[in-house]
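Below you'll find the structure, written out as structure tokens, and then a few comments.
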Amino acid sequence: MAGYVVVGAQWGDEGKGKVVDLLGTHMDMVVRFQGGNNAGHTLVVNGKKTVLHLLPSGIMNEKADCIIGPGVVVNPFVLLSEIDTLEKEGHSCSNVKISDRAHLLMPYHIRLDELMEQRAGAGKIGTTKNGIGPCYADKYTRIGIRVCDLKDWDVFQEKLKSVLELKNEEITKIYGGEPFDYDEMVKQFDEIRPRIVPMICDAVDKVNKALDSGKKVLFEGAQANMLDINYGTYPYVTSSSPTSAGVCVGAGVSPFKLGRVFGVAKAYSTRVGEGPYPTEQINAVGDELREKGFEYGATTGRPRRTGWLDLPVLKQAVRLNGLTDLAITKIDILSGFDSIPVCTGYEIDGKVYDTIPASLKDYGKAKPVYVNLPGWQEDISHVEKWEDLPENCRSYIKYIEDYTGVKACLVSVNPDRTGSIILKDLL
Ligand code: GDP
Ligand code: IMO
Ligand code: MG
Numbered sequence: 056m057a058g059y060v061v062v063g064a065q066w067g068d069e070g071k072g073k074v075v076d077l078l079g080t081h082m083d084m085v086v087r088f089q090g091g092n093n094a095g096h097t098l099v100v101n102g103k104k105t106v107l108h109l110l111p112s113g114i115m116n117e118k119a120d121c122i123i124g125p126g127v128v129v130n131p132f133v134l135l136s137e138i139d140t141l142e143k144e145g146h147s148c149s150n151v152k153i154s155d156r157a158h159l160l161m162p163y164h165i166r167l168d169e170l171m172e173q174r175a176g177a178g179k180i181g182t183t184k185n186g187i188g189p190c191y192a193d194k195y196t197r198i199g200i201r202v203c204d205l206k207d208w209d210v211f212q213e214k215l216k217s218v219l220e221l222k223n224e225e226i227t228k229i230y231g232g233e234p235f236d237y238d239e240m241v242k243q244f245d246e247i248r249p250r251i252v253p254m255i256c257d258a259v260d261k262v263n264k265a266l267d268s269g270k271k272v273l274f275e276g277a278q279a280n281m282l283d284i285n286y287g288t289y290p291y292v293t294s295s296s297p298t299s300a301g302v303c304v305g306a307g308v309s310p311f312k313l314g315r316v317f318g319v320a321k322a323y324s325t326r327v328g329e330g331p332y333p334t335e336q337i338n339a340v341g342d343e344l345r346e347k348g349f350e351y352g353a354t355t356g357r358p359r360r361t362g363w364l365d366l367p368v369l370k371q372a373v374r375l376n377g378l379t380d381l382a383i384t385k386i387d388i389l390s391g392f393d394s395i396p397v398c399t400g401y402e403i404d405g406k407v408y409d410t411i412p413a414s415l416k417d418y419g420k421a422k423p424v425y426v427n428l429p430g431w432q433e434d435i436s437h438v439e440k441w442e443d444l445p446e447n448c449r450s451y452i453k454y455i456e457d458y459t460g461v462k463a464c465l466v467s468v469n470p471d472r473t474g475s476i477i478l479k480d481l482l
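Heads up, the sequence shown is in this note's numbering, so the first residue is 56 and it goes up one at a time.
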């Protein structure tokens, strides 16, 4: 089957960008299907680091079409500045296309995200403040403005006029914020229109034609199952479906066209923003993981919360996505611990579970049940072969495989494209 999927298997920031870049060198097309510029996907090629927010991480392969799919929320200003940065560095972005059906993330979405978080105070979600929730909300209340509307300037202006009136009322009357000027916003969009319109395409047709002609198409997930709107720690989630099912609705393809589903999992865990996180280490160990793993958000720069590996979370990822492969990243960061606790279940009110409870009250009470796996001391960040990994490191990986029932296709030992031990054919 020609459809490949890469998804996060924890709380995001697992190293999806690195894995997509690696696979992307063999792909004809790379497609984002959900989320927006809340994502921060890091690629390191020949020591050069690039962080992408909206552009698919296949962009380094100039032969691959890079599609921003129908399910994505697109901030066109961010997109253009990302393209400008890459083009200044000599990368062509002529292969970038945007779905006509994608929703435009508007300046008022960003302001509302900020105001809503501010008003929530201690109850805030800890969003990236990029307007993601308010944009998806408008999509579902059917007052969104879509990318195709930029092609018909009268339609765009008409829609903006009526929506902005409503949004300004919400901004000023509910939140006491600053309203937007309609003419000013029309001018801003009119200025970027000539650059956006040539990139607009019927992505559903393009992606399906590619799949039907046997081309290799990779679907790049942003965020992860624990931030999923339906299955994450609601309301501390994002507003889209970052699972493989999200590919079908967010890219317009049948589930029968998807083959391999790669779940990217960090060898420990991190989370950005608020919400329950049972294996979190708010202590010296957590600080050590943050400093060694350089755990600071690729989008907001916020320090990431850090903790031990949570296997019920991975098990949920396997189920929700139908993972065929695990890509285990950042195992190099675990060198130097005498033993490494791994969470195999949660004790809640005296009973042990290996599933994620819906109620945040219950999940907040969850006490992780740990097994302590023996650690290793060696620096493994330049190891190239499975046999050269310390025995305890191999056992750690095997433990994850046994618990989840899914084999690892690669183990990543440093951030570079070349820094992975490949355990089975990736294509
Ligand atoms: P994404 O959102 O899933 O694409 O992940 P991010 O890019 O937000 O965060 C992953 C971070 O880990 C980035 O800084 C990567 O360069 C880095 N990284 C990826 N794989 C490895 C690895 O195996 N070892 C180390 N030390 N860093 C890695
Ligand atoms: P990538 O693709 C980690 C988190 C935010 C917040 C919650 C909601 O790089 O893995 P939002 O702005 O989406 O409304 O924020 O989700 N979040 C992420 N955390 N990685 C991400 O993306 C994230 N995108 C959103 O921190 O807790
Ligand atoms: Mg990230």
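Glycine included, each C-beta is placed from N, C-alpha and C at the ideal position.
Remember, it's a predicted structure, so these values are computed and weren't measured experimentally.
Discussion item. Tell me the residue span of the alpha helix (DSSP H) that contains Thr105.
Written reply: Element bounds for Thr105: not the alpha helix (DSSP H) but the beta strand (DSSP E), 103-107.
Discussion item. Do Gln89 and Ser268 have their beta-carbon atoms positioned less than 9 angstroms apart in this structure?
Written reply: no
Practice prompt. Specify the secondary structure class of Tyr425 as computed by DSSP and reduced to three states.
Written response: Judged by DSSP in its simplified three-state form, Tyr425 adopts strand.
Practice prompt. Please name the residue in Leu205, Glu220, Val397, Ser390 whose C-alpha comes closest to that of Val468.
Written response: Ser390
Practice prompt. Could you have a look at Glu117 and say whether DSSP puts it in helix, strand or coil?
Written response: coil
Discussion item. Check this for me: beta carbons of Ala376 and Val62, under 9 angstroms apart or not?
Written reply: First, the residue type needs correcting, since residue 376 is Asn and not Ala in the sequence shown. Yes, Cβ-Cβ distance for Asn376 and Val62 is below 9 angstroms.
Worksheet entry | Gly341 CB to nearest heavy atom of the ligand MG below 8 angstroms | no
Worksheet item: For Met240, which of Leu219, Gly419, Ala320, Pro412 has the nearest alpha-carbon?
Response: Among Leu219, Gly419, Ala320, Pro412, the Cα nearest to that of Met240 belongs to Leu219.
Discussion item. Check whether the region 96-104 and the region 125-136 are in contact - that is, three or more C-beta pairs closer than 8 angstroms.
Written reply: The region 96-104, when compared against the region 125-136, does not touch it at the 8 angstroms Cβ threshold.
Fill in: Nearest-angstrom beta carbon gap, Gly58 and Leu313 [assumed within contact, 8 angstroms]
About 4 angstroms; that satisfies the 8 angstroms criterion.
Discussion item. Suppose you measure from the CA of Val308 to the CA of Val292; what does that come to, to the nearest Å?
Written reply: 25 angstroms
Item to complete: Run the proximity test for Phe349: is its beta-carbon closer than 8 angstroms to any non-hydrogen atom belonging to the ligand GDP?
Response: yes
Worksheet item: How many angstroms separate the CA atom of Tyr451 from the CA atom of Leu428?
Response: One C-alpha to the other measures close to 7 angstroms.
Discussion item. For Phe244, report the span of its alpha helix (DSSP H) as first-last.
Written reply: 237-251
Worksheet item: Pairing CB atoms from the region 186-205 with CB atoms from the region 165-178, are three or more of them under 8 angstroms?
Response: yes
Worksheet entry | Tyr332 versus Leu221: straight-line alpha-carbon distance, rounded | Rounded to the nearest angstrom, the two C-alpha atoms are 37 angstroms apart.
Fill in: Gly91 and Ile153 closer than 9 angstroms at C-beta
Against a cut-off of 9 angstroms, the Cβ pair of Ile153 and Gly91 comes out as no contact.
Worksheet item: So which residues put a beta carbon under 5 angstroms from any heavy atom of the ligand IMO, going in chain order?
Response: Gly67, Asp68, Asn93, Ala94, Gly95, Gly181, Thr182, Thr183, Ile187, Gly188, Ala277, Gln278, Leu282, Thr293, Val327, Gly328
Fill in: Straight-line gap, Asp409 to Glu224 (C-alpha atoms, nearest Å)
46 angstroms
Fill in: First through last residue of the beta strand (DSSP E) which encompasses Val327
Counting along the chain, Val327 falls outside any beta strand (DSSP E), and DSSP gives it neither H nor E.
Worksheet entry | Neighbour-count burial assignment, Phe311, 16 or more Cβ in a 10 Å radius | exposed
Item to complete: Using only alpha-carbon positions, find the residue among Met82, Thr80, Val100 that is nearest to Gly474.
Response: Taking Gly474 as reference, the option from Met82, Thr80, Val100 with the minimal CA-CA separation is Val100.
Item to complete: Enumerate, from N- to C-terminal direction, the unbroken alpha helix (DSSP H) stretches of 4 or more residues contained entirely within the region 166-219.
Response: 187-195
Worksheet entry | Closest by C-alpha distance to Asp257, when choosing among Lys214, Cys203, Lys228 | Cys203
Worksheet item: Taking C-beta to C-beta, are Arg374 and Arg326 nearer than 9 angstroms?
Response: The Cβ atoms of Arg374 and Arg326 lie no closer than 9 angstroms to each other.
Worksheet item: Any idea if Ile122 is buried or exposed, counting beta-carbon neighbours within 10 angstroms, 16 or more meaning buried?
Response: Buried.
Worksheet item: Say the cut is 8 angstroms; is the CB of Gly352 nearer than that to a heavy atom of the ligand MG?
Response: yes
Worksheet item: If you draw a straight line from the alpha carbon of Gln371 to that of Thr334, how long is it in whole angstroms?
Response: 16 angstroms
Worksheet item: Does DSSP classify Gln303 as helix, strand or coil?
Response: Note on identity: in this sequence residue 303 is Cys, with Gln being the wrong assignment. Here Cys303 sits in helix by DSSP.
Discussion item. With a threshold of 6 angstroms on Cβ separation, who are the neighbours of Lys422 within its own chain once the five nearest residues in sequence on each side are excluded?
Written reply: Apart from the 5 residues on each side of it in sequence, Lys422 sits with its Cβ closer than 6 angstroms to the Cβ of Glu402 in its chain, given in chain order.
Worksheet item: Pick from Val438, Met161, Cys148: whose alpha carbon is nearest that of Gly113?
Response: Here the closest residue by C-alpha is Cys148.
Worksheet item: Count the other CB atoms within 10 Å of the CB of Asn338; is the residue buried (16 or more) or exposed (fewer)?
Response: Asn338 comes out exposed.
Worksheet item: Mind checking whether Ile386 and Val272 have CB atoms under 9 angstroms apart?
Response: no
Worksheet entry | CB contact flag (Thr298, Gly330, <9 angstroms) | no
Practice prompt. Rounded to whole angstroms, what's the CA-CA distance from Val75 to Thr183? Just pull it up for me.
Written response: 22 angstroms
Worksheet item: Across which residues does DSSP place Phe88 in a beta bridge pair?
Response: Looking at the DSSP assignment, Phe88 forms no beta bridge with any residue, so it has no partner.
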